[in-house]
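Enquirer:
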Amino acid sequence: MLNYLSSLNPVLLALFAGIFTWACTAAGASLVFFFKNLNKKWGNVMLGFAAGVMLAASFWSLLAPAIEMSKDLGRLSFMPALIGFLLGGIFLRVIDRIIPHLHFGFPEQEKEGPKTSLRKSILLVLSITIHNIPEGAAVGVAFGAVITGDTETLITAIVLALGIGIQNFPEGAAVSIPLRGEGLSRGKSFWYGQLSAVVEPIFAVLGAVLVVFATPVLPYALAFAAGAMIFVIVEELIPESQVEGSTDLATAATMAGFAVMMVLDVALG
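Going left to right, the sequence shown walks through residues 1 to 269 as UniProt numbering numbers them.
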């Protein structure tokens, strides 16, 4: 199976992986057809779990390989990872400033970005969409790295896509069900829930294309995706998971998510 996948174009693999992570979000969003309300405690647990998975993936699947690829730089082997990591955070900060959005659990007056008359539900969806951009880019860059012909790199990319897909399922529910609570119909709640992840296959393809056609930027690109993901974790997921109590459960879920992704990456990669 690995030999067959290795024979495929990395960009095509990235597209398939991006579609997979989007489908996991859509599957989670479909829970809105069975539940009208999401207990805030369990919503916090879902966000905490997603934060843990992304945190572990940022290191084992992205930063560590970036540093390993730069080992020929000797004492400066950390430089590509450092530069890419910081640029990833800066990129997300810029996106935060130019796209209006509102984080779940926060009052409408705390919306971020330029002033807008968009409805609260749209601002909430835009918030999750921003956070899905680095996930898609991470998957794309990881599969783009398969151009090096290393089987271990392919396994790492598959594990990363699997981990992001796992955390996208509860995340899809954490988007669509609260939207239902905001007064949207089940159909619209599902539509917006899955729509928030449509950027993942798009950015997966873009990330893979960048790496395939400019292989020397690979360590920078891996670290860039990690930096963008860490920005989302610290700026969005962890604060949202700590809203309205149940902080201990949310923290435990973050630890669990980290552990799950760590085991997947170390054991399978």
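A virtual CB, placed ideally from N, CA and C, is assigned to each residue, including glycine.
#1: Pick from ASP265, LEU13, VAL211: whose alpha carbon is nearest that of VAL159?
#2: Going by DSSP in three states, HIS101 sits in which element: helix, strand or coil?
#3: Report the CB separation of GLY28 from PHE169 in whole angstroms; it is logged as a contact under 8 angstroms.
#4: Touching or not, the stretch 78–97 and the stretch 59–69, by the rule of three or more beta carbon pairs under 8 angstroms?
#5: Let me know the secondary structure DSSP gives GLU152 once reduced to three states.
#6: Considering Cα atoms alone, identify which of LEU82, LEU206, LEU118, VAL125 is closest to HIS103.
#7: Could you tell me if LEU73 is buried or exposed, where buried requires 16 or more neighbouring beta carbons within 10 angstroms of its beta carbon?
#8: What does the alpha-carbon distance come out to for the pair residue 328 and LYS41?
#9: For GLU110, name the three-state secondary structure that DSSP assigns.
#10: What is the rounded straight-line gap between the Cα of SER61 and the Cα of GLU200?
#11: If we ignore side chains and look at the alpha-carbon of each, how far apart do LYS188 and THR129 end up?
#12: Over what stretch of residues does the alpha helix (DSSP H) that includes ILE147 continue unbroken?
#13: Excluding the five sequence neighbours on either side, which residues of its own chain have a C-beta within less than 6 angstroms of the C-beta of ALA57, listed in chain order?
#14: Output needed for ASN44: all residues of its chain with C-beta closer than 6 angstroms, excluding positions within five of it in sequence on either side, in chain order.
#15: Does the beta-carbon distance from ALA14 to VAL198 come in below 8 angstroms?
Expert: For this structure:
#1: The count along the sequence shown starts at 1 and reaches residue 159 at position 159. It is ASP265.
#2: Residue 101 sits at position 101 when you count from the first residue of the sequence shown. HIS101: strand per DSSP, three-state reduction.
#3: The count along the sequence shown starts at 1 and reaches residue 28 at position 28. The count along the sequence shown starts at 1 and reaches residue 169 at position 169. Correct: roughly 4 angstroms between the Cβ atoms.
#4: yes
#5: Within the sequence shown, residue 152 is the residue found at index 152, counting from 1. Three-state DSSP puts GLU152 in a helix.
#6: The residue you call residue 103 lines up with position 103 of the sequence shown. Looking at the Cα atoms, VAL125 is the closest of the given residues.
#7: By 1-based counting over the sequence shown, the position of residue 73 is 73. LEU73 should be labelled exposed.
#8: Past the edges of the chain, shown from 1 to 269, lies residue 328, and the structure says nothing about it.
#9: Stepping through the sequence shown from its first residue, residue 110 is reached at position 110. Note: GLU110 maps to helix in three-state DSSP.
#10: Here residue 61 refers to the residue found at position 61 of the sequence shown. Here residue 200 refers to the residue found at position 200 of the sequence shown. Distance between the alpha carbons of SER61 and GLU200: 17 angstroms.
#11: Sequence index remark: in the sequence shown, residue 188 carries index 188 (1-based). Sequence index remark: in the sequence shown, residue 129 carries index 129 (1-based). When only Cα atoms are considered, LYS188 and THR129 end up about 16 angstroms apart.
#12: Counted from its first residue, the sequence shown places residue 147 at position 147. Unbroken run through ILE147: none, as it is neither H nor E.
#13: The count along the sequence shown starts at 1 and reaches residue 57 at position 57. The residues are LEU160, GLY163, MET261.
#14: Working through the sequence shown from its first residue, we reach residue 44 at position 44. Contacts found: SER241, SER246, ALA250.
#15: What you label residue 14 is simply residue 14 of the sequence shown in a count that begins at 1. What you label residue 198 is simply residue 198 of the sequence shown in a count that begins at 1. Cβ distance not < 8 angstroms, so ALA14 and VAL198 don't count as in contact.
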